[in-house]
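First the structure, in the form of structure tokens, and then the observations on it.
There are 2 protein chains.
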Amino acid sequence: MFESAELGHKVKKSVYEDEVPALREALLTAQMELAQSGAFQVIILIGGLDGAGRGATVNLLNEWMDPRHIQTHGMGEPTDEELDRPMMWRFWRALPPKGKIGVFLGSWYTWPILNRVNGKTDTADLEQSLGRAKRLEKMLVDEGGLILKFWLHLSKKQQKKRFTELEKNPLTRWKVTKRDWRRYKLYDTFREVHENVIRHTSTAEAPWLIVEGEDARYRNLTVGKILLKALQERLQLAQAPAPKALTPPWMPPIDNLHLLKTLDMSQVLEKKEYKAQLQKYQARLAELTRDSKFKYMSVIAVFEGNDAAGKGGSIRRITKALDARFYQVIPIAAPTEEERAQPYLWRFWRHLPRKGRVTIFDRSWYGRVLVERVEEFCAEADWMRAYSEINDFEAQLVRHNLLVVKFWLAITKDEQLRRFKDREKTAFKTFKITEEDWRNREKWELYEQAVCDMVDRTSTLLAPWTLVEANSKYCARLKVLKTLCDQIETKLKHLHESGVNYLDTPKKKT
Amino acid sequence: MFESAELGHKVKKSVYEDEVPALREALLTAQMELAQSGAFQVIILIGGLDGAGRGATVNLLNEWMDPRHIQTHGMGEPTDEELDRPMMWRFWRALPPKGKIGVFLGSWYTWPILNRVNGKTDTADLEQSLGRAKRLEKMLVDEGGLILKFWLHLSKKQQKKRFTELEKNPLTRWKVTKRDWRRYKLYDTFREVHENVIRHTSTAEAPWLIVEGEDARYRNLTVGKILLKALQERLQLAQAPAPKALTPPWMPPIDNLHLLKTLDMSQVLEKKEYKAQLQKYQARLAELTRDSKFKYMSVIAVFEGNDAAGKGGSIRRITKALDARFYQVIPIAAPTEEERAQPYLWRFWRHLPRKGRVTIFDRSWYGRVLVERVEEFCAEADWMRAYSEINDFEAQLVRHNLLVVKFWLAITKDEQLRRFKDREKTAFKTFKITEEDWRNREKWELYEQAVCDMVDRTSTLLAPWTLVEANSKYCARLKVLKTLCDQIETKLKHLHESGVNYLDTPKKKT
């Protein structure tokens, strides 16, 4: 795997000086074209061995190109903020928008490799981490991103020579630390793990590019030329029409029976009884969120439902019981410009709560498989792959002790009509009803199909959907509150039993 | 996940009888078109719960369509033959050729699920198995295959009802076994594992299709319609031109230095010394392959090299030391018609040796990234993905105690010319030299590049490449023999130390 990167590649100074000006100019041109078109995001990972020139390569990219369009991220030890969220959160928030280049020194591979070398994890754990990394990269590529993974390599002999030389020179002595020598002693172990990582994650869409690190001129030319060719080819491709993707098989409607039809929409409740129950559940919720173990978990409540199904009203009954400093309600409308320049999940990752907090999404990432599917805002292949991307996203949350509670508020078509008309008649409610609501209503059956598929494909043991019969607002609000309380209680019970008392990511598999 | 499959779906008899004739006719038409075009292979997995109608569905497909173009495989306990090979071997040999439909009752999911339910494996092990399954399916789809994964589901109540009903009737009592009731008691455990499996392996290219199993008419119509739509759409797509794939980044040549240039091609050896050494290594090889632990491993030796580099001669020096009953030499030329109707790795899977045997491939699966790449017999995207497919293939072999020893026999361009001319002059050698050899020679540099990429991307710790300087036939043969002996010895040592004394697949991860 490292054979060609241990040959002693070298480029003569005269050759280098001859080639660099044209290369830099071409790189700048490509970069400008990228920035102006905003066609895709470029993610560059710089991995490899200590002393192989990772830092120098990052500097080089910033020197050769316009640094205003490059974002460099040295990913060291995670911060408290970051430890509070799933591992991938720090990378999501660092993703470059379309048109920009993000350079990562240290990546989603760094800790899995270190943990394996230090024996904190075994091969199966490592493979699980690598599986997550591959799914992330596949998603980024499917979203149009260009990923370049450079691996700067040195042979054992070269690494020793490099450290020794640096130490001899008083001006560079600081570059070599005790940690470097400690890691050098583990060279063979590292090499074995590195090879395993590279073998598992050199996919066709994002292969590792192994570059011999010893000779700076060789390294620079190699990295520069790969980057140039990749940018140019992708810019060209970005102008071509999207190819027709394979259509996966799909469930046909056979007997006109579906999930939403099984709901009992005739439930009613007296106001007096509602008031009493509401108080009871709000008190219970207040108590639960003040439990001593609540600081080790967080809650994400997702609200989806028909227009006018009463999402807002249900949410207000929840927040009334919460401490205003510890919750956030995120209303999801059309994405902002900044959000459109990112993969669709980005705007949800950015709002993930810290430990001990509650975040309520009024509409959510499920827009991808609901409105975006029905209104054909994205291609069939895109919302098809979204189911597994979403399951994967939620699995990461749950793994990190984020409780994900998902509600679909369902009303009948007649009830919606009644509410729409009511909104039009009542002065202080007219802002709630728009032309769009009437248009959506025309696609009622398509939305129903999308909702059933969504529940079938994303209701998991980790994060189940709760279907809420919402023709009666009272019944709906109580079912929401009760479900939320029940699920928090179960989670807290689990935390008490497992004796959790740390805030950082569990090191071992769950 | 199973929500929509527990609703009590039903189709009336009159509706069913109305719809079936047209559906059957359309299925037959599609099947005939598939058989005549030979455009792709169809792989249907029938998974799900006991009593949910898996067997009935298989019978149905054979009844509704032309059974001559359907191959049905009930995958029960593996045979001795199968246990001797990596787990996937039995599925590879059962793959339907292009134009045919293969129906699998029991699949690569069956044992991972059972092992997890029985507690023989943990979640991480399961995920590793599922990773292998996904890679296999992705490869099959990339090779043009259509995969349909049906999951026939019953709720716990439905399953109990089904078993009870069957038992009451003396004619169907035999259908319910003690094992069925034992599994019924584990319903919740199974459900959890099933959900995990479905969530992880519902990819966009091959999602699980969950079908409620209780009502036979509903089940039949659903399966039939999905199959019809999938066949029709894929047949249509098969006629469209292939879309332009993303070009992944690739290593540019920078300093004109590559692996093959670092070989010392000036080695020479006296005939007398050669004879002595040859005898020594052949004796050692004979001894090693008769070691008491050799029956727990097998050897695959792969020979690739320049034309006229002496592959045949080296192979003959190996086989001379082997017992003729225990080795096979497989010369790889252009694929047969049967082989062309399968994914490219199929013809290598079929030749995998049993335990205690040696198989020597004279050329191999590396043709994909050598001749097929250089001669453009396959698209860039196809040979690009081949590297990881090959690594994955070899990892499966190594995991199963198959030792993979790979040789590249290199000669210089001048030496090749000398040998070509010699072959033309010598009467009994002329059969060895063809027009094609001369044509290949013109692409010398392209082949060199392909060889270097191949070594860089597929030389792994599990299965490293050995580059053999073959300008001297004597030196080459000895290096081959010595390498082979060394690697067998290391493997045997490992087997002796680990005290292996079983022939079947290791149950736990390695």
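Read top to bottom, the protein sequences are chains P and U. Residue 288 in the working numbering sits at position 288 of the first sequence, and the numbers go up by one each step. Counting from 1 along the second sequence, just add 1000 to a position and that's the residue number in the working numbering. Note that CB positions come from ideal geometry on N, CA and C, so glycine has one too. Because the structure is a prediction, the values reported are computed rather than measured.
Under the DSSP definition of a beta bridge, residue 71 of chain P partners with P:102. Restricting attention to U:1076, U:1059 and U:1185, the CA atom closest to the CA of residue 1070 of chain U is found in U:1059. Sixteen is the threshold: when 16 or more other Cβ atoms of the shown chains lie within 10 Å of the Cβ of residue 479 of chain P, as they do, the residue is buried.
Closest option to residue 1416 of chain U, judged by alpha-carbon separation, among U:1370, U:1126, U:1250 and U:1473: U:1473. Where residue 360 of chain P is concerned, the enclosing beta strand (DSSP E) starts and stops at 358 to 362. Per DSSP, the unbroken alpha helix (DSSP H) holding residue 16 of chain P starts and ends at 13 to 37. Per the coordinates, the alpha-carbon of residue 162 of chain P lies some 20 angstroms from the alpha-carbon of residue 223 of chain P. From the beta-carbon of residue 128 of chain P, the residues of chain U found nearer than 7 angstroms are 1124 and 1127. With respect to the 8 angstroms criterion, residue 1042 of chain U and residue 1109 of chain U are not classified as neighbours on the basis of their beta carbons. Close partners of residue 1202 of chain U in chain P (Cβ separation under 9 angstroms): 387, 388, 391 and 457.
For residue 1112 of chain U, the secondary structure class from DSSP, reduced to helix, strand or coil, is helix.
Shown here, residue 1333 of chain U sits in coil according to DSSP, grouped into three states, outside any helix or strand. Contact of residue 131 of chain P with chain U by beta-carbon distance below 8 angstroms involves 1127 and 1131.
Short of 7 angstroms from the beta carbon of residue 9 of chain P, and not among the five residues preceding or following it, lie these beta carbons of its own chain, in chain order: 212, 215 and 218. Residue 1301 of chain U is bridged by DSSP to U:1360 and U:1405. Within the same chain, and ignoring the five residues on either side of residue 1135 of chain U in sequence, the residues whose Cβ sits closer than 7 angstroms to its Cβ are 1392.
When secondary structure is reduced to three states using DSSP, residue 328 of chain P falls in the strand class. A direct Cα-to-Cα measurement between residue 256 of chain P and residue 1011 of chain U gives close to 9 angstroms. Residue 369 of chain P places its beta carbon less than 8 angstroms from that of residue 387 of chain P. Proximity of residue 1216 of chain U to chain P, defined by a Cβ-Cβ separation below 8 angstroms, is not satisfied.
Closest by C-alpha distance to residue 333 of chain P, out of P:442, P:364, P:358 and P:305, is P:364. In this structure, the straight-line span from the alpha carbon of residue 471 of chain P to that of residue 1097 of chain U is close to 54 angstroms. For residue 1004 of chain U, the chain P residues whose C-beta falls within less than 7 angstroms of its own C-beta are 258, 259, 452 and 456, listed in chain order. One thing to note: residue 1206 of chain U has its Cβ no nearer than 8 angstroms to the Cβ of residue 1127 of chain U.
Annotated three-state conformation of residue 176 of chain P is coil, per DSSP.
The C-beta distance from residue 1086 of chain U to residue 1396 of chain U rounds to 4 angstroms, short enough to meet the 8 angstroms contact threshold. The stretch 484 to 501 of chain P and the stretch 1181 to 1201 of chain U do not touch, with fewer than three beta-carbon pairs separated by less than 8 angstroms. Annotated three-state conformation of residue 1044 of chain U is strand, per DSSP. Interface residue (Cβ-Cβ distance to chain P less than 8 angstroms): residue 1252 of chain U is classified as such. Assignment of residue 390 of chain P by DSSP, reduced to helix, strand and coil, places it in the helix class. For the pair residue 1291 of chain U and residue 231 of chain P, the Cα-to-Cα distance works out to about 56 angstroms. According to DSSP, residue 1430 of chain U shares a beta bridge with no other residue. Around residue 1443 of chain U, the same chain offers 1374 as residues with beta carbons nearer than 7 angstroms, after the five sequence neighbours per side are excluded.
Per DSSP, residue 1212 of chain U is not a residue of any alpha helix (DSSP H); the beta strand (DSSP E) it occupies stretches across 1208 to 1212.
The Cβ neighbour count for residue 438 of chain P, taken over all protein chains shown within 10 Å, is under 16; the residue is labelled exposed. Taking the beta carbon of residue 1009 of chain U as reference, the chain P residues within 8 angstroms of it are 254, 255 and 257, listed in sequence order.
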